[in-house]
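**Q** Quick note: to get my numbering, add 151 to the position in the sequence shown (first position is 1).
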Amino acid sequence: KHLATHRSAHQWCTERTAESQREGMVDASDKLRQDRAKLLLSVALTTMNSISDGFVFADLVLVKGWPVLGACLAAVLLVPQFLTFYMLARDGMCNFKDFWQVAVFPVLGFAAYFFLDLNTSMQQIALSCTCLFLVPFVNLKAGWATGQLPWETGHIWWELAEGMIQGPCSAALTLYACFLTHSSPSCVFLFSIVSSIACSARGTDKLHIPGRQRSLADELHGMVIQVPHVSFRILFFATLAFVTRIMSDGSAEDLQTNRSLFISVVVAADFLINAGFLCATCSMPAIMLSLFSAAMIFGDPPESLAVLSHNREPYKVMRICQPVVLAAAAVSMQMMSRASNKHDDRLEFLVDDYLPFMVLMTISAVVSLAIGSATSWMISFVLRVARAESVAKSLALSLAA
């Protein structure tokens, strides 16, 4: 009887151990599937955004005949990628021989456009290819086996370049081009704007919480939380650029020139203010400083930089006051322009033809302000609770002594 009892207990332990191993394997398998799904989501968003931006770039250059605006779009798409690669190669996170991952499509696209005798359709395809990059697919291959990207890939920096610089800048320029046409946006332009907003929201969320292991649902939730703030900044800068643009007669020749002087000064000043803010609070290499300063034009200082914790609230107050001051200046400039040209009422045009975008900008501003206030209150509350617990522990230890 004792031997039978011992055998049954041993059998029970063996079954429980096997069941625990199966549960562990199931958990590991489920985690691997979720990690792979997150990699596929990142590659899908990046690829769709790059393809749509490429079609917009080709349309601006070949169809609308706006080389200046097309060059600006190409610059905001290519320059961050090259700077990111140079920074990673200099820090030993990738090799210079891997430069083909960034340059192969832009080089082939521009070479085919400038040096081959192509028809209009092939020229559009060539220019569209200039906005594609192989980095997301290389990272997908590197992280597919484990579901995690190796440190050497520098994936967080690619997220920064794509999500917080390329995405919002291309969306603002695309919407600004739609405003200049005085017509509703086409499906390609609208898809490019939506995909850029999605990439920007994901990049902002990833930068604020780098390295933290989260489920796919948590990452999607964090991405949705960032949409109002990103959308407001994109819509606001595009609207500001259109309202303050100096227009002579609105002809095709006029639209081919760069008359957006006010928004150029605003963006340059914002970049310099961000660079000064970062230099005053922490030290970092020049390329990293440039990337963060450009990213903060559309986003807030990264939560991951602990050195910015004491200066984060004053910076947010400045970011709240900035749109109010710029909006007042834009309205004043529009009123002065209308006094000299009664037919040039861009505010009325925006209300009539782009009312959904204006409503979305207003709602995004309110929601972004509410989320920012709630987040700041929660962080301050948690800090106060932690400080109170620390004081109570110190008091208890002193009394015990």
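Where a beta carbon is used, it is the ideal one built from N, C-alpha and C, also for glycine.
#1: Output needed for residue 298: all residues of its chain with C-beta closer than 6 Å, excluding positions within five of it in sequence on either side, in chain order.
#2: Between 251, 317 and 268, which has its C-alpha nearest residue 288's C-alpha?
#3: Buried or exposed, going by whether 16 or more other CB atoms sit within 10 Å of the CB of residue 245?
#4: DSSP state of residue 245, grouped into three classes?
#5: How would you call residue 139, buried or exposed, if buried means at least 16 neighbouring beta carbons within 10 angstroms?
#6: What are the boundary residues of the alpha helix (DSSP H) that includes residue 264?
#7: Could you name the residues of the same chain whose beta carbon sits closer than 7 Å to that of residue 274, not counting the 5 residues immediately before and after it, in chain order?
#8: Closer than 8 Å, CB to CB, is residue 262 near chain C or not?
#9: How many angstroms separate the CA atom of residue 504 from the CA atom of residue 353?
#10: If you reduce the DSSP assignment to three classes, tell me which class residue 217 lands in.
#11: At a cut-off of 7 Å, is residue 348 close to the ligand SAH when judged by its beta-carbon and the heavy atoms of the ligand?
#12: Check each candidate in 231, 206 and 326 and name the one with the smallest Cα separation from residue 391.
#13: Decide yes or no for the touch test of the stretch 276-290 against the stretch 196-209: beta carbon pairs closer than 8 Å, at least 3 of them.
#14: Hey, would you say residue 231 sits closer than 8 Å to residue 317, going by beta carbons?
#15: Can you give me the start and stop residues for the alpha helix (DSSP H) that residue 359 sits inside?
#16: Could you give the distance in angstroms between the alpha-carbon of residue 545 and the alpha-carbon of residue 464?
#17: Assuming residue 312 and residue 344 make a contact with CB atoms under 8 Å, what is their CB distance in whole Å?
#18: State the Cα-Cα distance for the pair residue 194 and residue 340, rounded to the nearest angstrom.
#19: I think residue 508 touches residue 386, with their Cβ atoms under 8 Å apart; what is that distance to the nearest whole Å?
**A** In terms of the structure at hand:
#1: 183, 186 and 187
#2: 251
#3: buried
#4: coil
#5: One cannot answer for residue 139 here, as it falls past the ends of the chain, which runs 152 to 552.
#6: 251-266
#7: 213 and 264
#8: Absent from the structure is chain C; it holds one protein chain and no more.
#9: 29 Å
#10: coil
#11: As far as ligands go, the structure on display features none, and thus does not contain the ligand SAH.
#12: 326
#13: yes
#14: yes
#15: 338-359
#16: 29 Å
#17: In fact, because the Cβ distance is near 19 Å, the residues do not count as touching under 8 Å.
#18: 20 Å
#19: 6 Å
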